[in-house]
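Written out below as structure tokens is the structure these notes cover.
Following this line, the structure appears as structure tokens:
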């Protein structure tokens, strides 16, 4: 069988992808075809097979017959010339230019096109082809951001970093991808072994397997150089169960093989091979705000893994191939039949269970348990957490629910009553209410969050998220949580505990987490290096110092992998600064600014480095340059204000702090510091006014509340001070400052009478 003429090309490319003497090499999909015809036949035409292709009349689906598309005052034209496909559109400067289409990207429900810019840079055009049928609204050009006018220079323009194929897309659409970024020239020399997602993307490099095949030895799984991804878990019903039970312990190999390209994650290494632990190559995102709703439902594009690992299915041992054919990627059965493999029909495929007519959309399992959200304009993707609808959470905290996705003309309260009327049990407490309260500084939020973070029976991604939220709640109970979870069996929980440990002093961090410098997981080891980077040498033995040096080196290597993004240089700068490698840190921050002149964290952190080096004049000039350059300079006004305070120029400082608070009303920290500065220049009434305005938007910000209480105390207004002090105690039940404040109020009231 011939794989669309690619076999020869694939084999030519593999010579550049050798892993070194004695290491398995990528041999290309064409080498697999002869012995694996059935699997190849299934794979051909799949989304993996068509993930990326050269632009030819057979692969290009869009209308390139001089079709035009108008957007933001610009007319883009799609045409052909000399047998090639071209696009005339606004380029990096905003002027109309002509770009050849080199590759297609994806196939359905949309297809994008990769255009080449200088330096080996390929960009995904944000005008895409809707490849759905015309009856479904497809067969048209459309813009991925239809409600905005995205022009050249915008971070969402097709020429911007966010749409760069080399760093943002390529690793998951091709096999054995090597980005090949050269920081000195800012150019790419990106290579692959297969242009698409081939056999070795999932099974690992095949040279050892080919050598085994030539010897014709007996086949033993996992002994021939490839990862066997068969699911070892079988499912069986017993006489009492309505749901099939697993016959063996879960095996995560298959899921962790799919996860790198089906999750929001940070890449740690280049050349991560299938079968290795996920967190040795990637660090998946937690249930962060704006990625997920407070209850863990998908919000932004998060690509399945993060929702699936919350599910009971994952906990029981269900894997991707229980539902999807691993080669064609098609579902193994249509409709409810897929779910009824493990859920007995007489219990679940009934009106009594789903409450809808058997022929209605509401009778579909996925309608209630896997609601979809639309991304990229036309792509409906299902939430894989397979949760029970919770309209009660919609009522209490505003998260969406599947009932109102269909019944959009009715209220969430109606949906909740409907479930109650059907006799659905009162839903149990949900972690959503805790995360929601913690993110909004709700009453008793810290106590609830500490309790949640202690629960080892939660899905690891939920426990790790709770631990990460504790960064905003530094206290002894938080440290007790970290002391336990630093030794969690799950590496993602250990990483979250390390990150939250930054609240502690360098000495405490080292005492609690030094052993994690030798963790078996790269993600944990490197994160320990970052968090402990500033540990004083006198606290360490020679062996401990060597472990720290090794972990820091691992972290810096990870950052070098992403050297085409300014965040990696800022991350390097922070660690180098913590290690007192000041010249290297300064160079790293300067590299970030050169790469992206509007990258605010680079200015802010370089200015802080200058502060540490007592180069306050340099910090001031840098911040003024940044303010003149970036679009949203509030953080830099704030940093400049602090610099001017340190220089004794208080009136100038107050003005900069005022601008920061004015330009960023959603940042209570800026209002707090501005109010403190006003007090310092003897303007207490203005300070009180600033606090009052800020507290209307942030009534539970503890610093604002504390400052309001101390101001009232200084004025002798005991009752007001006590009211704010008691509110602070509710917000910070485990910290001492509320107790100290309330004791001080009581002492002064006793000494000075009531007011």
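Numbering (the numbering used here), first residue to last: 334 to 1088.
Cβ atoms here follow ideal geometry from the backbone N, Cα and C, with glycine treated the same way.
Using a C-beta cut-off of 8 Å, the stretch 503-514 makes contact with the stretch 526-536, since at least three inter-stretch Cβ pairs fall below that distance. DSSP places residue 476 in the uninterrupted beta strand (DSSP E) bounded by 473-476.
Comparing C-alpha distances from residue 361 to each of 909, 382, 1027, 923 shows the shortest one belongs to 382. About 6 Å separates the CB atoms of residue 695 and residue 687; that is less than 8 Å, so the two are in contact. The alpha-carbon of residue 578 is positioned some 40 Å away from that of residue 438. Closest by C-alpha distance to residue 645, out of 791, 1015, 761, is 791.
In terms of CA proximity to residue 881, 857 leads the group 896, 543, 857. Residue 743 and residue 737 have their C-alpha atoms some 7 Å from each other. Residue state for residue 933 is assigned as helix, using DSSP reduced to three classes. For residue 420, the secondary structure class from DSSP, reduced to helix, strand or coil, is strand.
The C-beta separation of residue 615 from residue 624 comes to about 15 Å, leaving the pair out of contact by the 8 Å criterion.
By the Cβ test, the stretch 400-416 is not in contact with the stretch 360-378, since fewer than three Cβ pairs between them sit closer than 8 Å. When DSSP states are grouped into helix, strand and coil, residue 511 belongs to the strand group.
Counting of Cβ neighbours within 10 angstroms places residue 798 among the buried residues, the total reaching 16 or more. In this model, residue 963 and residue 971 are separated by some 14 Å (Cα to Cα). Per DSSP, reduced to three states, the secondary structure at residue 568 is strand. When C-alpha distances from residue 494 are compared across 899, 1031, 916, 760, the shortest belongs to 899.
In the structure shown, residue 366 falls within a coil segment according to DSSP collapsed to helix, strand and coil. Within the model, the alpha-carbon separation for residue 1012 versus residue 1060 is close to 22 Å. Residue 911 is positioned such that its CB atom lies no closer than 8 Å to that of residue 879. Following the DSSP letters along the chain, one finds residue 1053 inside the alpha helix (DSSP H) bounded by residues 1051-1064. Within the stretch 721-749, complete alpha helix (DSSP H) segments of at least 4 residues are found at 724-730, 735-739, given in chain order. In the DSSP assignment, residue 429 forms a beta bridge with 423. For residue 794, the enclosing alpha helix (DSSP H) covers residues 793-802. CA-CA distance, residue 410 to residue 394, rounds to 15 Å.
At least 8 Å separates the beta-carbon of residue 852 from that of residue 765.
Scanning its chain for C-beta atoms nearer than 6 Å, with the 5 sequence neighbours on each side dropped, one finds around residue 453 the residues 520, 521, 522, in chain order. About 5 Å separates the beta carbons of residue 1058 and residue 1074, which is inside the 8 Å limit, making them a contact pair. Inter-residue distance for residue 1076 and residue 1054 is about 11 Å (C-alpha atoms, whole angstroms).
In this structure, residue 782 sits near residue 803, with a CB-CB distance shorter than 8 Å. Residue 836 and residue 812 have their C-alpha atoms spaced approximately 9 Å apart. Secondary structure of residue 960 (DSSP, three-state): helix.
Per DSSP, the beta bridge partners of residue 520 are 515. Burial is judged here by how many other beta carbons sit within 10 angstroms of a residue's own beta carbon; residue 854 has at least 16 and is buried.
Cβ neighbours of residue 933 within its own chain (closer than 8 Å, five residues either side excluded): 959, 963, 965, 966, 968, 969.
Contact annotation, residue 533 with residue 359: C-beta distance approximately 5 Å; criterion of less than 8 Å satisfied.
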